[in-house]
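*Asks:*
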Amino acid sequence: MNFMRRIIFMLTALATLSCSNDDDGINSVEANSVIFGEVYGQCAGDCRSLFLINDTGVFADSDSDTDFGNWDNTNFEEEALSDAKFQYSKGVIEVPESLQSFEGELGSQTIADFDYFISIDIGEERKSWTFDEIKDDLPSDIKSYLENVILVISELREE
Numbered sequence: 019m020n021f022m023r024r025i026i027f028m029l030t031a032l033a034t035l036s037c038s039n040d041d042d043g044i045n046s047v048e049a050n051s052v053i054f055g056e057v058y059g060q061c062a063g064d065c066r067s068l069f070l071i072n073d074t075g076v077f078a079d080s081d082s083d084t085d086f087g088n089w090d091n092t093n094f095e096e097e098a099l100s101d102a103k104f105q106y107s108k109g110v111i112e113v114p115e116s117l118q119s120f121e122g123e124l125g126s127q128t129i130a131d132f133d134y135f136i137s138i139d140i141g142e143e144r145k146s147w148t149f150d151e152i153k154d155d156l157p158s159d160i161k162s163y164l165e166n167v168i169l170v171i172s173e174l175r176e177e
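When we follow our numbering, the leftmost residue of the sequence shown carries the number 19, and every step to the right adds one.
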């Protein structure tokens, strides 16, 4: 009887140790940088609230004028936001692999108020999208990623 308990214990321990808590089934890659935030149509002056995240921190845009629609060339503050905001935002830099090859629209354009903007730099390639609402028919990993980006934008704007 004691021998059987040992075998059951060993099998249970082996099964438990072979499980991984980090495997969520989503393959992601760390981007060099991601520019993300909100851009505003039909406005004069500073028409965006963007953030840049890389491996050193998260930075707010410097509120300098940028040609409308040229969001990839926004200037950012030299001083990073707090470490707490950086830690909260780190998920933005972990981009689903499927987004690298995604060629469609991420969302729809509804009205001329504000849009979400995201620009991802991975390796030698930068891809950018602007959208109002996330499309329902996106792959689940991309949809989850964008929902997280929107939550992070909301948190970072709360200053």
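C-beta atoms are modelled at their ideal positions from N, C-alpha and C, and glycine is treated no differently.
Determine the closest residue to Ser107 out of Val170, Arg175, Glu176, with distance taken between C-alpha atoms.
*Replies:* Counted from its first residue, the sequence shown places residue 107 at position 89. Closest option to Ser107, Cα to Cα, is Val170.
*Asks:* Nearest to Asp139 by CA position, among Glu112, Glu176, Phe94, is which residue?
*Replies:* For the purposes of this step, residue 139 is taken as residue 121 along the sequence shown, with counting starting at 1. Nearest of Glu112, Glu176, Phe94 to Asp139, Cα basis: Glu112.
*Asks:* DSSP has Ala49 in a bridge; who is on the other side?
*Replies:* As a working note, residue 49 is residue 31 in the sequence shown. In DSSP, Ala49 forms no bridge with anything.
*Asks:* Can you name the start and end residues of the beta strand (DSSP E) that Glu96 belongs to?
*Replies:* Counting from one through the sequence shown, the residue named residue 96 turns up at place 78. It is not in any beta strand (DSSP E) - Glu96 carries neither H nor E in the DSSP assignment.
*Asks:* For Thr92, which of Ile53, Ser116, Ala98 has the nearest alpha-carbon?
*Replies:* What you label residue 92 is simply residue 74 of the sequence shown in a count that begins at 1. Nearest C-alpha to Thr92: Ile53.
*Asks:* Three-state secondary structure (DSSP) at Lys161?
*Replies:* Taking the first residue of the sequence shown as 1, we reach residue 161 at position 143. Helix, per DSSP.
*Asks:* Per DSSP, what kind of secondary structure is Leu68 in: helix, strand or coil?
*Replies:* Mapped onto the sequence shown, residue 68 falls at position 50. Strand at Leu68.
*Asks:* For the candidate residues Asn45, Ser51, Ser46, whose alpha-carbon lies nearest to that of Glu142?
*Replies:* The count along the sequence shown starts at 1 and reaches residue 142 at position 124. Considering only alpha carbons, the answer is Ser51.
*Asks:* Exposed or buried, what is Ala78 when buried is set at 16 or more other beta-carbons lying within 10 Å of its beta-carbon?
*Replies:* Along the sequence shown, read from residue 1 onward, the residue named residue 78 stands at position 60. With 16 or more neighbouring CB atoms inside 10 Å of its own CB, Ala78 falls in the buried class.
*Asks:* Is Glu115 helix, strand or coil when you go by DSSP?
*Replies:* Position 97 of the sequence shown, counted from the first residue, corresponds to residue 115. Helix at Glu115.
*Asks:* Enumerate in chain order the residues of its own chain whose CB-to-CB distance from Lys103 is below 7 Å, with the five nearest sequence positions on each side excluded.
*Replies:* One-based indexing of the sequence shown puts residue 103 at position 85. Correct list, in chain order: Val76, Leu174.
*Asks:* Determine the closest residue to Asp150 out of Gln105, Tyr58, Asn45, with distance taken between C-alpha atoms.
*Replies:* Taking the first residue of the sequence shown as 1, we reach residue 150 at position 132. With distances taken between Cα atoms, Asp150 lies closest to Tyr58.
*Asks:* Considering just the uninterrupted stretch of the beta strand (DSSP E) at Val76, what are its terminal residues?
*Replies:* Translated into positions along the sequence shown, residue 76 becomes position 58. From DSSP, the beta strand (DSSP E) with Val76 extends over 75 to 78.
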